[in-house]
Each structure stands twice: as structure tokens, then as C-alpha cells.
Amino acid sequence: MVKSYTRFVKPVYLVVLINLMGFLLLYMYSKPYDNITIFAGFSVIALICLTYALILKLEMGDEYLFLIVSMLMSIGIIMLYRLGRDLALKQIIWLAVGITMFFACYFAYLKLNIWDKVIYIYPIVSYILFIITIVFGGGKRGATNWIAIGGISVQSSEIIKVLYVFFLASYYTDPDKLNNITIAFKRPNIKINISRQWIFIALNYIFIGFLFLQRELGTAFLFFGVFIFFLFIFGSKLTTLVFNAVVACAGLVFSYFYFYHIRVRFDTWINPWSDISNKGYQITQSLFAIGSGGFFGTGLGLGRPDFVPEVHTDFIFSAICEEMGIFGGIAVIFLFFIFAYRGFKISLMVNETFDRIVALGITLMFALQTFIILGGVIKLIPLTGITLPFISYGGSSLVSGFISLGILQAISRKA
């Protein structure tokens, strides 16, 4: 027991050290000195240490999951504090809420045994949330994806991510849960039999279609990517994969011509330098920020990440690379790789099929989301406008991430 405790307690010291160094630099950078910086730093450290101690005490499974996320959160909050104190303080509050949801979802997933038995509930609840958002929600940056609840804006798609993974897991655990449908016509006397596989595909496209209606095309691409990975992993026929590939190409062409902001993103991805002061300003400033940081960065508080629009959400990776250097950016990517490795390992080790698929889906969702946003920031792919998990500013994204983490933690307890 002593050896196990010693082995797992050491990495948390590194997380504490990063927070101490980061917030100390922020305190020294602020003129006049701001004592709230010290309070914020110790609040983050206290939340991390208390949560980690409970994970060890209750033997909640893979301790490394929370350690990796703690390091990502610490980097994100330190950078947010550098960009704006109010942003970081709000994020710390959301961190406390997220950790609460982490424990709630951990125990709920372990105690309740209904998750694989309610396959129709997941799409129904998701579609209702979509409709409420479209009818009553507000818009930001061209997308109608926010619901105001008691003065707090909630991004419904972040909740639906978890429901979507559960829907996929329920189907692939037992496809017979979806019934075949027969449509009969009296005149002429024709019967059309629709197999459960095509019903499943149709339900997936309804998810993606609602995201299109919300103009939240980055999340639509994320859902579609996870869907295609599942089709491939679970051995769908080549014709099914080709059909979905054709639909994806048709959707991209339609989006390019129908949605102006999508056309702008594609055009600026191909050649941002042609309109560097207008449409290409955001991505070019991101590239300048990454390049100006060099290998070791300008130093915390010594760069100009404020030149990049939406730097606290979509482009926080640019700010990290500018002030912490390319090596800092590589460290962030490496942390996401380790998280994905732990998630896939949990998926392989657990015995129950449903648990295995949920772990796979959650890990794929995090991994693909990370690739999409980092690829957009460095101009590898068109920018989509989704957040970098656990690092970007955003309460809905952070709480949703901790809900998924709590579920993955519960599955690791069973492994």
C-alpha cells in the first residue's frame, strides 16, 4: 500500500510546482501587485490536491487520468489569467462545478445499471435539446447553440456529446435493440423493409442535421468523425463506408456554398495572406504568434497574444506557443496523447461490452476534438471554432469534459 501511494503521489508534485511557478510569475508580472493572483493559484492547487486525495482514498481507478487533466487545466487557467483575470476566476468557479459533476457522474455510472437499456432515450433527449436551442437559444459567431438558464449561458451540444456516445455504445452493445421498420402502401401494394442498420445511420444523421441547422459545423464534423470511426472499427460493409464518405463530401460542398462563414474559413485556410487585414487576420495572427515564440517562448506575460481574436477560446494554443514556446505546445500535445493512450487502454482492459464502447467513444471524442482545433490553429485544416478540451475558456465545455472524465474514471475502476 505504501509503495502504491508513493508511486502515484509523486506526479502531483509536478502539477503543484507548475501552478506555483505560473501564478508566481503572474504575480510578479502584475503592476501593482495583485494579491488575488496568489488566492487564485492556491485555489487551483487546493481543488486539484483535494480531488486527487479523494481519488486515492476511494480507490477510484486510474489516477493518471485526473493528473493529466489537472496539468492541462493548470496550463489553461494560468494562460487565461494572463489574458484576463476575470476569465481565469470564472474558469476556476467552473472548475469547482466540473469537479463536483466528476464525482456525481462517477458514482451514478457505477451505481445505476440502466445505461445500456435505454437506447431510445439518448436521441430523444438530444433532439429535444436541439429543438429548444434552435427555437429559444441565442447565437454567437454565426451559430445558434446557446441556451440561457437563470442568467447562465449553456452550450447544449456539450451535453449532447455525452448522450451521443451513450447512444452509439447502446447500439453496438446489442444492435437488436433497434427494431426493423416495415412501411406498407395499399395502392400500390408495396412493402418497404428498413433494416436496423439504416435506422441507426438515419438517427446519426439527425444528430448531425440538427448541428447543421444550428450552424455549429465544427461540432457536426466532430460527431461525424466519431460516427465514421465507429463504423470502421465495428466492421461495417465497404458500401456503407463509401455511402457515408459521399454524403460527407456532398455536405462539405453544400456548406461551402450555403454558409458564408464556412466559405470564409475555407478561403482563409487556402490563402489567408490574400486578405491579411480582414478575413485572414485571425489565422495569420495565430501563425505569427506561434512563430514569434520560438522554441522556448517569449516568457509568461511578455508576448502579445491579445493580437489574436478569440485567443481565450479557439486560439489559446497560439498563446501557449507564443509565451511558453514550441516546446510548451509540444508538451500540451504530448499530454493529450497520454490521455488518449490511457483511455484506449481502459477500453481494452474492461470486460463489459457497453463499458468498453463508452470508454472508446469518450476517448475518441476528446482525441478528435483536440486534432480538429489544433489542426485549425496551425492551418493544417480549416478552422472549425470548437474548444481545446480542459484548456480553452468555457464553462459548458469544462463541465462536459469533467462529466465525460467521471464516466471514464468509473469504467477504469471496473477494469
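So the number in our numbering is just where the residue sits in the sequence shown, counting from 1, plus 757.
For glycine and all other residues, C-beta sits at the position ideal for the given N, C-alpha and C.
All of these numbers come straight from a predicted model, not from anything done at the bench.
Let me confirm a value: residue i is counted as buried when at least 16 other C-beta atoms fall within 10 Å, else exposed. Which label applies?
i, result
"residue 763", "Confidence is the limiting factor: at residue 763 the pLDDT is only 47, short of 50, which leaves the residue's position unreliable and the question unanswerable from this model."
"residue 902", "buried"
"residue 862", "buried"
"residue 1085", "buried"
"residue 992", "exposed"
"residue 1030", "exposed"
"residue 915", "buried"
"residue 1062", "buried"
"residue 758", "Per-residue confidence for residue 758 stands at a pLDDT of 41, beneath the threshold of 50, marking its modelled position as unreliable; no derived number is given."
"residue 1162", "buried"
"residue 789", "exposed"
"residue 855", "buried"
"residue 895", "exposed"
"residue 883", "buried"
"residue 772", "buried"
"residue 803", "exposed"
"residue 1043", "buried"
"residue 774", "exposed"
"residue 1048", "exposed"
"residue 933", "exposed"
"residue 1072", "buried"
"residue 783", "buried"
"residue 1068", "buried"
"residue 907", "exposed"
"residue 1213", "Any question about residue 1213 goes unanswered here, given that the chain covers just 758 to 1172."
"residue 1159", "buried"
"residue 733", "Summary: the structure shown does not reach residue 733, with the chain confined to residues 758 through 1172, and so no result is reported for it."
"residue 827", "buried"
Taking the alpha carbon of residue i as the point to measure from, which residue in the options has its own alpha carbon closest?
i, options, result
"residue 791", "854, 819 and 843", "843"
"residue 1001", "1015, 982 and 906", "982"
"residue 912", "1157, 1164 and 836", "1157"
"residue 1112", "957, 870 and 1044", "870"
"residue 987", "1068, 961 and 1007", "961"
"residue 958", "984, 919 and 835", "984"
"residue 971", "893, 828 and 817", "893"
"residue 1149", "838, 797, 1053 and 1009", "838"
"residue 1065", "1017, 1039 and 789", "1039"
"residue 926", "1152, 1122 and 1147", "1122"
"residue 921", "887, 829, 1014 and 801", "887"
"residue 829", "1055, 819 and 769", "769"
"residue 853", "1137, 876, 797 and 994", "797"
"residue 859", "1054, 904 and 1155", "1155"
"residue 967", "917, 933 and 909", "917"
"residue 876", "834, 857, 956 and 867", "956"
"residue 954", "969, 1008 and 994", "994"
"residue 935", "976, 880, 969 and 857", "880"
"residue 977", "1009, 1147, 1094 and 989", "1009"
"residue 965", "1053, 1101 and 1012", "1012"
"residue 1172", "1006, 840, 1141 and 1099", "1099"
"residue 1118", "952, 1090, 1005 and 923", "923"
"residue 1060", "816, 814 and 840", "840"
"residue 1087", "1054, 1018 and 1116", "1054"
"residue 1046", "1116, 1136, 873 and 874", "1136"
"residue 835", "1142, 1095, 1056 and 1101", "1056"
"residue 867", "817, 857 and 851", "817"
For residue i and residue j, which I take to be in contact (beta-carbon distance under 8 Å), what is that distance rounded to the nearest angstrom?
i, j, result
"residue 1092", "residue 825", "6 Å"
"residue 930", "residue 1114", "6 Å"
"residue 1124", "residue 1097", "5 Å"
"residue 1175", "residue 822", "Because the chain here runs from 758 to 1172, residue 1175 falls outside it and cannot be looked at."
"residue 1127", "residue 1145", "7 Å"
"residue 1082", "residue 1051", "6 Å"
"residue 800", "residue 832", "Actually they do not touch by this definition, with Cβ atoms about 16 Å apart."
"residue 974", "residue 1016", "7 Å"
"residue 819", "residue 1103", "6 Å"
"residue 904", "residue 890", "5 Å"
"residue 1070", "residue 1152", "Not really, about 12 Å apart at Cβ, beyond 8 Å."
"residue 1022", "residue 1139", "5 Å"
What does DSSP give as the partner residue(s) for residue i in the beta ladder?
i, result
"residue 905", "910"
"residue 895", "903"
I'd like to know if the segment 1066–1079 and the segment 1097–1111 are in contact, where contact means that at least 3 CB-CB pairs between them fall below 8 Å.
Contact fails: fewer than three Cβ-Cβ distances are below 8 Å.
With three or more beta-carbon pairs closer than 8 Å as the criterion, would you say the segment 1131–1140 touches the segment 773–788?
With the cut-off at 8 Å, the segment 1131–1140 and the segment 773–788 do not touch.
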